[in-house]
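Accompanying notes for the structure given below.
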Amino acid sequence: MLLGGNGGVTISEQYIDSGLAALIVAVVPIYIVLLGGPRDGAPAGANHVDGACRGFVGVGILFGPGLHLHSSGGRNPAIGISILLVTSFIWSAGSLYSRAAKHAASPFLTAAQQMICGGILLLLAGVVTGELPRFHPGSVPCYRLAHLFIS
């Protein structure tokens with residue numbers, strides 16, 4: 206969930222602005238309705254599907270007028286939007302899976318396990334894709350703040 210969801214958002218923002226990314230991520234609840242259906246486990250009914258379709262149209266109306274799908278400055282918004290739609294789907298499926306999955310007794314431990322595993326996977330993905338040479342610890346705000354207190 207964290208590798209596909211957060212990693213995908215990071216990659217997509219190389220192609221689109223963060224405001225547009227935030228707007229597109231608004232499809233997550235729509236995906237959850239379509240994938241999960243009502244809470245009683247029954248498939249999504251006609252009203253749910255109709256509401257989800259209206260939600261997709263609403264998101265489209267919000268970002269459609271200002272969207273230029275042609276490449277400009279090395280950025281291609283269509284690629285970023287596609288990545289976000291897929292990663293939003295992955296996040297939604299992971300959210301639904303986590304409802305039924307066995308968790309640790311403590312919700313804090315569960316969250317910590319998810320964050321640690323997600324962070325390790327994202328770190329490995331960054332190393333595999335060649336991001337390590339471009340990493341500069343001094344550009345991380347927490348590093349600079351800690352450096353002020355140590356100096």
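Under the numbering used here, the first residue of the sequence shown is numbered 206, with each subsequent residue one higher. No residue lacks a Cβ here, since even glycine has one placed at the ideal position from N, Cα and C. As the structure is a computational prediction, the values presented were derived from the model and not from experiment.
Practice item. Look at Ser217 and Leu289 and say whether their C-beta atoms are less than 7 Å apart. Key: yes
Check your understanding: What residue range is occupied by the uninterrupted alpha helix (DSSP H) comprising Gln319?
Key -> 312-333
Exercise for review: Taking only the alpha-carbon atoms, compute the straight-line gap between Ser293 and Gly210 and give it to the nearest angstrom.
Suggested key: 6 Å
Check your understanding: Cβ of Leu240 within 7 Å of Cβ of Leu301?
Key -> yes
Practice item. Answer yes or no: do Arg280 and Tyr220 have a C-beta to C-beta separation smaller than 7 Å? Key: Cβ atoms of Arg280 and Tyr220: closer than 7 Å.
Practice item. Just mark Leu328 as buried or exposed, buried being the case when its beta carbon has 16 or more other beta carbons within 10 Å. Key: exposed
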